[in-house]
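Visitor: Here you go, one structure.
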Amino acid sequence: MVRLTVDQRVLLKELRNKKEVAQFLMPDAPSAKKSRKVSPERVPCPLLPETPEVPPPRVIQHWELEKEPSIYDDNMDQVILEWEQSVTQDPGSDMEEDEYNLHGGANRLKNAADFDADKLSSDLLETLNATDRRDDDALRELANDDMLAFDWSHDRDIFVGERESFTGAAGTTFSAEGMSPFHIFSKIWDEDIINTIAEETNRYGDNLCSTSNLKTHSRLHRWISITVQELWTYFGILMLQSIARFLWNRSTGDHVCLI
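Below you can see the structure in the form of structure tokens.
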């Protein structure tokens, strides 16, 4: 291969810049690289015979169904009822439900109706009967004699029951003139009632944590006693949620401050 001199290279570049010669490779340039393989032709797949022109309805995926319900849904009352029933059956966390159902339905929580009384041991039956007797005795001590006297009959014609009339004073027990809704609320839910609610809530929480067989990830391990101020804050949040439906209205730029 002949090697060009410096002057010849300069001359060729000038001719190329003046477009007097076409694109060219220097005689001493390396050989061109192999070009890429030609892509195969893409042949569109023809439609199969008897294929419907209108596609079938889309199948909704499971993650689309598992969405958080909105408080403005029409069936929100039913959702809240299911939440309350689930909390009653399982006071722990949602992680516990997964642990119970991990190995099938054998490890799930059972209700009292799921147990067969005939299969219980004699010692357990005696303990249950003794507990029932103590509950009955406590009820008789609290109730009047006439409340526990029943004369049942299947004949409706001899029913002697009468509707009792309300004899209490109806209406408010204080004058609400000139009072704001907050002061009226504070008057109804006075300090004694709030203290009682906080005390009973703490007692129930402590008893539930001490007597329940809690799992490792149960939320009840993080339970702490509430204060009256925390209870007032909780009531305040509920009141704000009933008043302010939207915390921010983009159309008007108005917003509600929660602090």
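Under the UniProt record's numbering, the residues of the sequence shown are numbered 1 to 259, in order. Glycine is no exception: its CB is placed at the ideal position from the N, C-alpha and C atoms. Owing to the predicted nature of the structure, the values given are computational and were not obtained by experimental measurement.
(1) Whole alpha helix (DSSP H) runs in the segment 159-231 with 4 or more residues, listed along the chain?
(2) Counting only the same chain and skipping the five closest in sequence on each side, list residues whose C-beta sits under 6 Å from that of GLY205.
(3) By the DSSP assignment, the alpha helix (DSSP H) with ASN144 in it spans what residues?
(4) Exposed or buried, LEU102, counting other C-beta atoms within 10 Å across all chains shown (16 or more means buried)?
(5) Which residue wins for smallest C-alpha separation from THR172, given the options PHE185, SER165 and ASP157?
(6) Rounded to whole angstroms, what is the Cα-Cα separation between ARG140 and GLY178?
(7) Between the segment 153-171 and the segment 209-223, do three or more beta carbon pairs fall short of 8 Å?
(8) What residue range is occupied by the uninterrupted alpha helix (DSSP H) comprising GLN61?
(9) Given this structure, state the Cα-to-Cα distance separating ALA198 from ASP192, to the nearest angstrom.
(10) Give me the residue from LEU240, ARG219, VAL59 and THR196 with the minimum Cα distance to residue 261.
(11) Taking all protein chains shown into account, decide if SER218 is buried (16 or more other Cβ within 10 angstroms of its Cβ) or exposed.
(12) What does the alpha-carbon distance come out to for the pair PRO57 and THR201?
(13) Identify whether VAL54 lies in helix, strand or coil by the three-state DSSP scheme.
Guide: In this structure, then:
(1) 181-188 and 191-211
(2) TRP223
(3) From DSSP, ASN144 is part of no alpha helix (DSSP H); its letter is neither H nor E.
(4) Legend: pLDDT at LEU102 = 45, less than 50; position of this residue unreliable, value from coordinates given subsequently. Classification of LEU102: exposed, given that the 10 Å Cβ count is below 16.
(5) PHE185
(6) 47 Å
(7) no
(8) No alpha helix (DSSP H) holds GLN61; DSSP gives it neither H nor E.
(9) 10 Å
(10) This structure does not reach residue 261, given that the chain is present from 1 up to 259, and the question cannot be answered.
(11) buried
(12) 51 Å
(13) coil
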